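In the working numbering, the protein residues as written are 1 to 268.
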Amino acid sequence: MKTLVIGAGNMGLTYAEGMAQSAMLNRRNLMVFDKSADVIARLRDLDHFDVYESLEDCLPQADMVFVAVKPYHCEDLFEEMKPMVNKEQIFVSLMAGVTIGKIQDGLNVKKVVRAMPNLPAQVGKGVTSYTESKEVSRVELLMVRNLLDTTGESIHVENENYIDASTGISGSGPAYVFYFMNSMLEAARKMGFSKNDSKVLVSQTFEGAVELFNRNDLSPGTWMDRVASKGGTTRAALDSMDDNNVKDLIKDAAYAAFDRAVELGEEK
Ligand SMILES: NC(=O)c1ccc[n+]([C@@H]2O[C@H](COP(=O)([O-])OP(=O)(O)OC[C@H]3O[C@@H](n4cnc5c(N)ncnc54)[C@H](OP(=O)(O)O)[C@@H]3O)[C@@H](O)[C@H]2O)c1
Numbered sequence: 001m002k003t004l005v006i007g008a009g010n011m012g013l014t015y016a017e018g019m020a021q022s023a024m025l026n027r028r029n030l031m032v033f034d035k036s037a038d039v040i041a042r043l044r045d046l047d048h049f050d051v052y053e054s055l056e057d058c059l060p061q062a063d064m065v066f067v068a069v070k071p072y073h074c075e076d077l078f079e080e081m082k083p084m085v086n087k088e089q090i091f092v093s094l095m096a097g098v099t100i101g102k103i104q105d106g107l108n109v110k111k112v113v114r115a116m117p118n119l120p121a122q123v124g125k126g127v128t129s130y131t132e133s134k135e136v137s138r139v140e141l142l143m144v145r146n147l148l149d150t151t152g153e154s155i156h157v158e159n160e161n162y163i164d165a166s167t168g169i170s171g172s173g174p175a176y177v178f179y180f181m182n183s184m185l186e187a188a189r190k191m192g193f194s195k196n197d198s199k200v201l202v203s204q205t206f207e208g209a210v211e212l213f214n215r216n217d218l219s220p221g222t223w224m225d226r227v228a229s230k231g232g233t234t235r236a237a238l239d240s241m242d243d244n245n246v247k248d249l250i251k252d253a254a255y256a257a258f259d260r261a262v263e264l265g266e267e268k
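As structure tokens, this is what we get:
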């Protein structure tokens with residue numbers, strides 16, 4: 001299965017690196033194309049995969065094509081790709097808000113997988129949701145999944161509505177966690193901890209809590225009750241959050257991202 005990644009920026013390069021390091025593909029089967037001369041020069045120095053500066057040299061021989069350019073570049077790119085694609089190729093789009101229908105029309109192809117990755121893919125801890133057009137077979141979908149999993153975990157979703165919804169949870173989600181971390185870092189600094197100690201206190205707290213959550217079947221609510229005793233310090237903090245309606249504000253934020261993802265899809 002010859003695989004081509006188009007657009008070697010944050011996401012495209014992350015996927016290319018993940019795939020290059022997996023047992024799924026050997027170097028001969030992984031191609032990367034970008035239009036930026038700087039990017040091409042840097043990748044050639046890196047020497048992790050074969051880098052192409054012309055689509056004619058790589059696109060026709062690809063079985064699977066990952067598209068990882070910014071959504072506003074997709075129309076120009078599709079125009080350029082269209083004369084070189086064929087109906088057996090599978091197109092995996094990582095582009096936020098670009099619908100399967102738009103990709104099928106833009107390229108005049110049928111087999112499309114739309115995926116929503118997230119930033120921790122860069123450290124192999126990403127989560128990608130994905131869905132497909134009906135022309136993609138089960139075997140083909142399994143191959144796509146195996147490649148997506150080289151950057152972390154993936155979940156298959158029934159339709160594109162869930163891709164927009166997962167944008168509000170996991171796609172934009174790392175930023176919510178950083179927002180929370182930022183507030184805790186600011187509080188730690190205000191209490192007098194050094195920058196470094198604040199970082200250790202906050203990052204270990206997040207990492208430790210996630211590890212506990214993952215190792216057991218207990219709900220976050222049960223864990224909160226385990227940490228918070230009546231009249232104690234944690235209860236004071238949780239009561240303060242409840243009084244300020246933080247729980248609903250976080251849900252509203254996730255919905256704001258979801259709504260914006262739907263809106264962006266409709267704009268294009
Ligand atoms: N970053 C994230 O956390 C994240 C999360 C979820 C989804 N995504 C999706 O992933 C996609 C890529 O995002 P990104 O952050 O990786 O973008 P990026 O860093 O800007 O990377 C895109 C790369 O593609 C190149 N490019 C643009 N037009 C091209 C063309 N016609 N042919 C070949 N290469 C082309 C760009 O070159 P120039 O810089 O010269 O234009 C750049 O090197 C986006 O559609 C985004 O919605 C990203």
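Cβ atoms here follow ideal geometry from the backbone N, Cα and C, with glycine treated the same way.
Quantities reported herein were computed from a predicted structural model and do not represent experimental measurements.
1. For residue 17, name the three-state secondary structure that DSSP assigns.
2. Are the region 146-162 and the region 247-254 touching, with three or more C-beta to C-beta distances below 8 Å?
3. Roughly how many angstroms lie between the CA atoms of residue 190 and residue 182, to the nearest whole one?
4. Determine the extent of the alpha helix (DSSP H) in which residue 178 is found, giving its start and end residues.
5. Looking at the unbroken beta strand (DSSP E) that takes in residue 30, where does it start and where does it end?
6. So which of 69, 17 and 87 has the shortest CA-CA distance to residue 6?
7. If we call anything under 8 Å between Cβ atoms a contact, is residue 77 one with residue 91?
8. Tell me which residue opens and which closes the beta strand (DSSP E) that residue 115 is part of.
9. Taking the beta carbon of residue 28 as the centre, do at least 16 other beta carbons fall within 10 Å, making it buried, or is it exposed?
10. For residue 116, does the count of other Cβ atoms within 10 angstroms reach 16, so buried, or fall short, so exposed?
11. May I ask which residues mark the beginning and end of the beta strand (DSSP E) holding residue 67?
12. Expressed to the nearest angstrom, what Euclidean distance is found between the alpha-carbon atoms of residue 125 and residue 152?
13. If residue 122 sits next to residue 112, beta carbons under 8 Å apart, how far is it from one beta carbon to the other, in whole angstroms?
14. What are the start and end residues of the beta strand (DSSP E) that includes residue 91?
15. Could you check what DSSP says for residue 3 in three-state terms: helix, strand or coil?
16. By Cβ distance below 8 Å, which residues in the same chain neighbour residue 96 in space, the five residues on each side in sequence not counted?
17. Between the Cα of residue 79 and the Cα atoms of 232, 109 and 94, which residue gives the shortest distance?
18. Any idea what DSSP makes of residue 99, helix, strand or coil?
19. Is the separation between the beta-carbon of residue 163 and that of residue 129 shorter than 8 Å?
20. Compute every distance between the C-beta of residue 86 and the non-hydrogen atoms of ligand 1, then say whether any falls below 7 Å.
21. Can you check DSSP and say which residues form a bridge with residue 152?
22. Enumerate in chain order the residues of its own chain whose CB-to-CB distance from residue 169 is below 7 Å, with the five nearest sequence positions on each side excluded.
23. By how many angstroms is the C-alpha of residue 86 removed from the C-alpha of residue 21?
24. Smallest Cα separation from residue 94: which of 10, 58 and 176?
25. Going by C-alpha to C-alpha distance, which of 127, 217, 161 and 135 sits closest to residue 174?
26. DSSP state of residue 56, grouped into three classes?
27. Tell me whether residue 6 counts as near ligand 1, meaning its Cβ is closer than 7 Å to at least one heavy atom of that ligand.
According to the structure shown:
1. One-based indexing of the sequence shown puts residue 17 at position 17. Three-state DSSP puts residue 17 in a helix.
2. By the Cβ test, the region 146-162 is not in contact with the region 247-254, since fewer than three Cβ pairs between them sit closer than 8 Å.
3. Within the sequence shown, numbered from 1, the residue matching residue 190 stands at position 190. Within the sequence shown, numbered from 1, the residue matching residue 182 stands at position 182. Near 12 Å, if we compare the C-alpha coordinates of residue 182 and residue 190.
4. Taking the first residue of the sequence shown as position 1, residue 178 is located at position 178. Run containing residue 178: 173-190, per the alpha helix (DSSP H) assignment.
5. Your numbering for residue 30 matches position 30 in the sequence shown. Per DSSP, residue 30 belongs to the beta strand (DSSP E) from 30-33.
6. Here residue 6 is taken as the residue at index 6 of the sequence shown, counted from 1. Nearest C-alpha to residue 6: 69.
7. Translated into positions along the sequence shown, residue 77 becomes position 77. Translated into positions along the sequence shown, residue 91 becomes position 91. No; because the gap between Cβ atoms is not below 8 Å, this pair is not in contact.
8. Working through the sequence shown from its first residue, we reach residue 115 at position 115. Annotation: the continuous beta strand (DSSP E) that includes residue 115 extends over 112-116.
9. Taking the first residue of the sequence shown as 1, we reach residue 28 at position 28. Burial is judged here by how many other beta carbons sit within 10 angstroms of a residue's own beta carbon; residue 28 has fewer than 16 and is exposed.
10. Locating residue 116 in the sequence shown gives position 116, counting from the first residue. Buried, by the Cβ-count rule.
11. Taking the sequence shown and counting its residues from 1, the one referred to as residue 67 is at position 67. That run of the beta strand (DSSP E) goes 64-67.
12. Numbered from its first residue, the sequence shown carries residue 125 at position 125. Numbered from its first residue, the sequence shown carries residue 152 at position 152. Rounded to the nearest angstrom, the two C-alpha atoms are 5 Å apart.
13. In the sequence shown, the residue the question calls residue 122 occupies position 122. In the sequence shown, the residue the question calls residue 112 occupies position 112. So it is not a contact: roughly 25 Å between Cβ atoms.
14. To locate residue 91, count along the sequence shown from 1; it is residue 91. Unbroken beta strand (DSSP E) run through residue 91: 90-93.
15. The residue you call residue 3 lines up with position 3 of the sequence shown. Strand at residue 3.
16. Along the sequence shown, one-based indexing puts residue 96 at 96. So the list reads 71, 116, 167, 171, 261 and 264, once near-sequence residues are dropped.
17. By one-based count along the sequence shown, residue 79 stands at place 79. The residue with the shortest Cα to Cα distance from residue 79 is 109.
18. Your numbering for residue 99 matches position 99 in the sequence shown. Residue 99: coil per DSSP, three-state reduction.
19. Translated into positions along the sequence shown, residue 163 becomes position 163. Translated into positions along the sequence shown, residue 129 becomes position 129. In this structure, residue 163 lies near residue 129, with their beta-carbon atoms less than 8 Å apart.
20. Within the sequence shown, residue 86 is the residue found at index 86, counting from 1. Because no heavy atom of ligand 1 lies under 7 Å away, the Cβ of residue 86 does not count as near it: no.
21. In the sequence shown, residue 152 corresponds to position 152, counting from 1. Answer is 126, bridged to residue 152.
22. Taking the sequence shown and counting its residues from 1, one reaches residue 169 at position 169. Its chain contains 254 as the residues whose beta carbon lies nearer than 7 Å to that of residue 169, once the 5 sequence neighbours on both sides are disregarded; these appear in chain order.
23. The residue labelled residue 21 in the question sits at position 21 within the sequence shown. The residue labelled residue 86 in the question sits at position 86 within the sequence shown. Going by the C-alpha atoms only, they are around 28 Å apart.
24. The residue you call residue 94 lines up with position 94 of the sequence shown. Closest option to residue 94, Cα to Cα, is 10.
25. On the sequence shown, position 174 is the one that residue 174 refers to. Among 127, 217, 161 and 135, the Cα nearest to that of residue 174 belongs to 127.
26. As a first step, residue 56 must be located in the sequence shown, where it is residue number 56. Of the three classes helix, strand and coil, the one that applies to residue 56 here is helix, per DSSP.
27. For this step, residue 6 is matched to residue 6 along the sequence shown. Checking the Cβ of residue 6 against ligand 1 gives yes.
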